[in-house]
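Report on the following structure.
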Amino acid sequence: MVQRKVLVVAALLGTVACGKGASPSTAVTPLTASASQEELRTLWQRANAEYTRGRWSKAAPLYERVTLEVPPGDTLAIAAHFRLAECYFGQKSQLQAAREFRKVSDDYPTSALAPDALLRAGDAYADLWRRPELDPTYGKTALGTYQELLSRYPDTPAAARARLRISELEEMFARKDYKTAIYYYRLKAYDSAILYLKDIAATYPRASVTPDVLMSLVRAYRAVNYPEDVVETCGYIRRYHPTTPGVDAACPVVRDTAAAPAGTR
Numbered sequence: 168m169v170q171r172k173v174l175v176v177a178a179l180l181g182t183v184a185c186g187k188g189a190s191p192s193t194a195v196t197p198l199t200a201s202a203s204q205e206e207l208r209t210l211w212q213r214a215n216a217e218y219t220r221g222r223w224s225k226a227a228p229l230y231e232r233v234t235l236e237v238p239p240g241d242t243l244a245i246a247a248h249f250r251l252a253e254c255y256f257g258q259k260s261q262l263q264a265a266r267e268f269r270k271v272s273d274d275y276p277t278s279a280l281a282p283d284a285l286l287r288a289g290d291a292y293a294d295l296w297r298r299p300e301l302d303p304t305y306g307k308t309a310l311g312t313y314q315e316l317l318s319r320y321p322d323t324p325a326a327a328r329a330r331l332r333i334s335e336l337e338e339m340f341a342r343k344d345y346k347t348a349i350y351y352y353r354l355k356a357y358d359s360a361i362l363y364l365k366d367i368a369a370t371y372p373r374a375s376v377t378p379d380v381l382m383s384l385v386r387a388y389r390a391v392n393y394p395e396d397v398v399e400t401c402g403y404i405r406r407y408h409p410t411t412p413g414v415d416a417a418c419p420v421v422r423d424t425a426a427a428p429a430g431t432r
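Using our numbering, the letters of the sequence shown map in sequence onto residues 168 to 432.
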C-alpha cells in the first residue's frame, strides 16, 4: 500500500493545470483500484502527456478511464475529473466542462480542488458570453457561480480571482445596459432611457462606462426639463467623477450672486 501511495504522489506532482485555473495541490488517499499499480501509473502518465501537449481529445478518454478505475471519492479520481473538465474546455465544449467542474465542487466540496473547480465552472459559462450585445444568460450564470464561490470558499486564492472575474462581468453588463439606454434616448423615449441610466449608475458605480452614463443622464434630464435632477446628478459627477470629459460644459458652476459681497458683482 505504501508503494501505491508513492506512485500516486508522483503522478499528482507531475500535473500542471491549464487555462485560467491554478495548479492545485491534492492530498493523497489510499487506492483500491481494479487496475494494477503499473497500469494505473501508465494510464495517468499517458493522460498527462497528451494534456500537456494540448491534445484534449486524446487526453479526455484517458482521464475518464482513470475515473472508472479508482473509487469515486479518491483524490486521484477527483483530480482526473478536474483534468477531464479542462480537456472539455480546451475543446470549446464549455457546457460539458462546466458540468464536470461542478461535479468536482458539488460532489467533493471538501476537496482541495473544489474552489478551483467552481472558479473554472464560472469561467466556462463566462466564455460563452464574450460580447455584451449577446443574450446575457450565460453571463448571469457565470456571475452567480463566482458569487457562490465567494460564499462557499471566501478566503481561497480562487475566490480572489473570482472577484476580478466579477468586475469584468459587471463591466460587460454595464456596457450592455448602456447601449440599451442610448437606443431609447435616440428614439426620444427619455423616460425609458432615464430608468436604464439610473439603474446602471446605481448597480455598477465602479464601471468604466459609469461617468458617460451619468453625463447621458444629465442630457436626458435636460430633455424632459427636470432641473432639480440635473443639479443633483451634476453634483454627483463633480464629486465622484470630476475629470469626466465635458463636465464643465454639461454642468456649469452657478455662482450665487445674491450672496456675493457688495462691489464684486
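All C-beta atoms, glycine included, are put in the ideal place defined by N, C-alpha and C.
Excluding residues up to 5 positions away in sequence, 378, 382, 404 lie with their Cβ nearer than 7 Å to the Cβ of residue 411 in the same chain. Taking a contact as a CB-CB distance under 8 Å, the pair residue 340 and residue 371 counts as one, their CB atoms being some 7 Å apart. Counting along the chain, residue 296 sits inside no alpha helix (DSSP H), nor does DSSP assign it H or E at all. By the criterion of a C-beta distance shorter than 6 Å, residue 254 is surrounded in its chain by 223, 226, 227, once the five residues flanking it on both sides are discounted. In this structure, the beta-carbon distance from residue 269 to residue 218 does not fall below 8 Å. Residue 271 sits away from residue 264, with the two beta carbons spaced by 8 Å or more. Residue state for residue 254 is assigned as helix, using DSSP reduced to three classes. Here residue 370 carries a helix assignment [DSSP, helix/strand/coil]. Each of 353, 236, 338 was checked against the Cα of residue 368, and the nearest Cα belongs to 338.
Counting along the chain, residue 414 sits inside the alpha helix (DSSP H) bounded by residues 414-417. Put simply, the stretch 317-330 does not touch the stretch 293-308. Fewer than three CB pairs are less than 8 Å apart.
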